[in-house]
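Scroll down for the structure; my scribbles are underneath it.
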Amino acid sequence: MWLILLLICFLVIFATLWYLRVVSKTSSKERIVILCKFPRPGGVKTRLIPGLGEAGAARAQLYMSDHMLDVLSEFQRQRVGITVEVKAFGGSADQFKYWLGRKLFPRQCFSWSFQCDGHLGIKMADALNSAFNEGSEFAVLIGSDTPAVNADILETALSKLRSPDCEMILGRAQDGGYYLVGFRRQVKERLGVLNDIFEGIEWSTSTVCHRQAEIATGLGVKVQLMPQILQDVDTPDDLPEFEKSVGVSVTALKAPVLSIVIPTLNEEENIERALRSIKENSSWIDYIEVIISDGGSTDSTLGKVDEFAQNNPELRIKTVRGGRGRGKQLNAGASEATGVNLLFLHADGSLPLAFDRHILLTLAEPGNIAGAFNLGWDVLQGDKRNDCSRLISAQLQLGQLLHLACYKFTETAYGDQGMFMSRKIFEKVGHFPPYRLMEDYEMALKLQRYGHLKILQEVFIIASARRLIKKGVWKARFINCLMVMGYHMGIHPDTLANFYYG
5 MWLILLLICF LVIFATLWYL RVVSKTSSKE RIVILCKFPR PGGVKTRLIP GLGEAGAARA
65 QLYMSDHMLD VLSEFQRQRV GITVEVKAFG GSADQFKYWL GRKLFPRQCF SWSFQCDGHL
125 GIKMADALNS AFNEGSEFAV LIGSDTPAVN ADILETALSK LRSPDCEMIL GRAQDGGYYL
185 VGFRRQVKER LGVLNDIFEG IEWSTSTVCH RQAEIATGLG VKVQLMPQIL QDVDTPDDLP
245 EFEKSVGVSV TALKAPVLSI VIPTLNEEEN IERALRSIKE NSSWIDYIEV IISDGGSTDS
305 TLGKVDEFAQ NNPELRIKTV RGGRGRGKQL NAGASEATGV NLLFLHADGS LPLAFDRHIL
365 LTLAEPGNIA GAFNLGWDVL QGDKRNDCSR LISAQLQLGQ LLHLACYKFT ETAYGDQGMF
425 MSRKIFEKVG HFPPYRLMED YEMALKLQRY GHLKILQEVF IIASARRLIK KGVWKARFIN
485 CLMVMGYHMG IHPDTLANFY YG
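Residues in the sequence shown are numbered consecutively from 5, following the working numbering.
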């Protein structure tokens, strides 16, 4: 009996959610459609490849797509009731789900589907026909390669379409094409479908916008032009527009500098090993800088840093005073960084071979806004392998397995795993909280609002297990669990730090 009641409740909840999604989608009068290509190196922005390389051109496409999705998300928050649809091309269903699944869109007002086959006109006609078939009164379609499109421009387009004097709106691009097209529902009702409006046009030529307006007018459609003429980003000459609108430099696209921030406080035993791992295991040492953010060390930590810097001038190292508390130190170090990507490394951590290559590839995967390495121990995967009892080794290995199992459900990482992200995301989430403890955990939770934090399960960062073994492996893990529970119960992290550090 209870099983039947539970099944009925489940079906009612499922049916209600499905109904709300369908009703909200079909009852919305206004829809924004964005055409979006999966940014696979060599398959997108081919005219940018001579200047940026295949990987750089793909990074540019990813930056622009994410930028435009953020614009649409913000516009949707300002204008309740507008639906957003992504028409996807070039990737698999799983890739797009991973990429788009955590964008800040209300689920009932957001959808995505694949573009149909055919030339650009057929794709646009199909997307707009679908919008009107699903009940929209006004529909606007944009691309993802005109980053100057913003909420004001979208509002202007919809406002013009609400006027009876405008049945079709076009936004002219500087190259003669157009960056925006929109319709009133009446046009489709009168013509049956919109396909004829997009036929007879030589796409990717300087006459596209003029020819489009001419064809529509010939079919009796009232056409108006947007007051703003914007620039697409298609060629190297367009990259200043990319830098201005997206906020990422061309240098960052070609050769992204990685800034490694290391918070220190009396780390004379560890800091040299951490710096050596950076130098020896990097793939592109010329594109790496290290910022030591010291919390007031009273031992020889800073002296060892200076000595290493003098003996290894090929590695750029800077020291800053970060204040007390790891959160403050991390933020102080990041504020001095010049790199497009940031890696936050604990002083007792040793980085894996080609760590910078792993970071670049991970952040280039659509959907990943941050990442971290798998946590290894010096007595298991490092240079002190087998320097502990079998019992301790088994406990540490079991702990690693439990952490990876938890990651699949929580997608969280901790500071000793070497968290990395772009500077753009770091600024977007609001930096680390200025706590003495749990700053890494709260950062991981904030990152989840914007995308995925990916742990590289086969790539280990090596940390010292000495303190863990001294405290007791399971006792230490139990205390860590208590800290997480206390955090979620509302206990301030600094209060938890007093307990944790004694």
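Ideal Cβ placement from N, Cα and C applies to all residues, glycine included.
Distances from the CA of L457 to each of K475, N133, T414 and F79 were compared; the closest alpha carbon is that of T414.
When Cβ pairs closer than 8 Å are counted between the two stretches, the stretch 346-361 is seen to touch the stretch 423-433, the count reaching three or more. Excluding five sequence positions before and after G181, the CB atoms of its chain that fall closer than 7 Å to its own CB belong to V212, C213 and D236, given in chain order.
Here H123 is exposed. Its C-beta has fewer than 16 other C-beta atoms within 10 Å. Comparing alpha-carbon positions, the option among N133, R81 and V153 lying closest to F109 turns out to be R81. By alpha-carbon distance to G85, the top candidate from F93, I53, A143 and S393 is A143. Assignment of S167 by DSSP, reduced to helix, strand and coil, places it in the coil class. In this structure the stretch 242-262 does not lie against the stretch 186-204, because fewer than three pairs of beta carbons, one per stretch, are closer than 8 Å. Contact check for G434 and K450: beta-carbon distance about 7 Å, within the 8 Å limit, so the pair qualifies. Nearest C-alpha to N502 among M487, K41, G494 and M493: M487. It is roughly 16 Å from the alpha-carbon of C113 to the alpha-carbon of N137. Between the alpha carbons of T150 and Y418 lies a distance of about 37 Å. Annotated three-state conformation of R389 is coil, per DSSP. Around the beta carbon of H362, 16 or more other beta carbons sit within 10 angstroms, so the residue counts as buried. Judged by their CB atoms, Y491 and M447 are not nearer to each other than the 7 Å cut-off. The criterion of a C-beta distance shorter than 7 Å is satisfied by K127 and Q119. Under DSSP, F424 takes part in a beta bridge, and its partners are L347 and G375. It is roughly 13 Å from the alpha-carbon of A177 to the alpha-carbon of E245. In the structure shown, Y291 falls within a helical segment according to DSSP collapsed to helix, strand and coil. If the five residues before and after G299 are omitted, its C-beta is found closer than 6 Å to the C-beta atoms of L269, G326, R328 and Q333, all from its own chain and listed in chain order. The beta-carbon distance between L379 and A467, rounded to whole angstroms, is 6 Å. This is short enough to meet the 8 Å contact definition.
Taking the CA atoms as reference points, D444 sits about 16 Å from I465. The Cβ atoms of S140 and R35 lie closer than 7 Å to each other. Taking one beta carbon from each stretch, the stretch 246-253 and the stretch 221-232 have fewer than 3 pairs nearer than 8 Å; the two do not touch.
Ranking L76, D290, Q232 and D130 by CA distance to the CA of G196 puts D130 first.
The Cβ neighbour count for N274, taken over all protein chains shown within 10 Å, is at least 16; the residue is labelled buried. In terms of Cβ geometry, K49 and Q65 form a close pair [threshold 7 Å]. Comparing alpha-carbon positions, the option among G125, R166 and M68 lying closest to N154 turns out to be M68. Burial state of S297 is buried, judged by a 10 Å Cβ sphere holding 16 or more other Cβ atoms.
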